[in-house]
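Some notes on the structure that comes next.
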Amino acid sequence: MLRADVHVHTCFSPDSSTSLERLAARCLRVGLGCVAITDHNTIRGALEMQQRAPFLVIVGEEVKSAQGEIIGLFLKEEVPRGLPARETVERIREQGGLVSIPHPFDALRRSVIAPVALEQVLPLADIVEAFNARNIFAGANRRAAELAQRHGLAASAVSDAHTLGELGRTYVEMSEFDGTPAGFLASLRRGALVTRASSPLVHLFSTYNKVLRRFSRRGG
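My numbering applies: residue 16 is where the sequence shown begins, and numbers increase by one.
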């Protein structure tokens, strides 16, 4: 069996300071055998991690569309930020990637996809995050799980980790797959979700990193 966490951030995201080296070491320590690096609006960290890690790394991106965030998995090219949600999804699918809807009902995140856009892209989506460990309110995850079931989409459980301590708490236990998007999706559908919510305090670390990065740019 394989432990997979398909929403993880690195220092290539402005709100994370996790280096690739420390991330790889932590994944090995907690037994994660498959990780999707989904940095904000870039695949650079994912591509580098794929070359370095001794475990399976899926190239992903958490794209800030004009109507909110959408995740692409198994990407070959970066998807530009700021496009309409529908076009963002089409760009992901054109390169053979999978479309995952992150934290669709987290009312505390301004980046969440707008309800109208969500309805537009659901017919083209593959996965819904049925459990995001960073969601503070349990109802947000419950509604997401119901959404996945109602639309016949695969359900994932993800850490959305921006810090090392978040890794290994939430993941999908699934069978090994052949490395392809289709193989991954089939295995994910049969997988078991292992869930444990992160402390709300993790959001403070993300805010701190974002502010620190902003002031560092000004100082440089």
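The beta carbon of each residue, even a glycine, is placed where N, CA and C say it ideally should be.
For residue j and residue i, the rounded distance between their alpha carbons
i, j, result
"Ala-153", "Ala-207", "19 Å"
"Arg-18", "Ala-159", "21 Å"
"Gly-46", "Val-173", "15 Å"
"Glu-191", "Lys-91", "22 Å"
"Arg-211", "Val-187", "12 Å"
"Ala-122", "Phe-146", "15 Å"
"Gly-183", "Arg-101", "32 Å"
"Val-127", "Leu-43", "31 Å"
"His-22", "Ala-132", "21 Å"
Residue i, DSSP secondary structure in three states
i, result
"Ala-68", "coil"
"Arg-165", "helix"
"Gly-94", "Just to set this straight, residue 94 is Val in the shown sequence, not Gly. It is coil, neither helix nor strand."
"Gly-83", "strand"
"Ile-58", "coil"
"Ala-212", "coil"
First and last residue of the uninterrupted beta strand (DSSP E) at residue i
i, result
"Phe-146", "142 to 147"
"Ile-128", "Note, Ile-128: premise wrong, no beta strand (DSSP E); not H, not E."
"Ile-151", "Careful: Ile-151 lies outside any beta strand (DSSP E) and carries neither H nor E."
Range of the contiguous alpha helix (DSSP H) that encloses residue i
i, result
"Gly-113", "Sequence inspection shows Leu at residue 113; the Gly mentioned does not correspond to that position. That residue, Leu-113, is in no alpha helix (DSSP H); its beta strand (DSSP E) goes 113 to 116."
"Cys-42", "35 to 45"
Beta-bridge pairing of residue i - partner residues as DSSP gives them
i, result
"Met-16", "DSSP output for Met-16 lists no bridge partner at all."
"Leu-265", "No statement about residue 265 is possible, as the shown extent of the chain runs from 16 to 235 and does not include it."
Nearest to residue i (by Cα), restricted to the options the options
i, options, result
"Pro-138", "Ser-31, Thr-178, Val-104", "Val-104"
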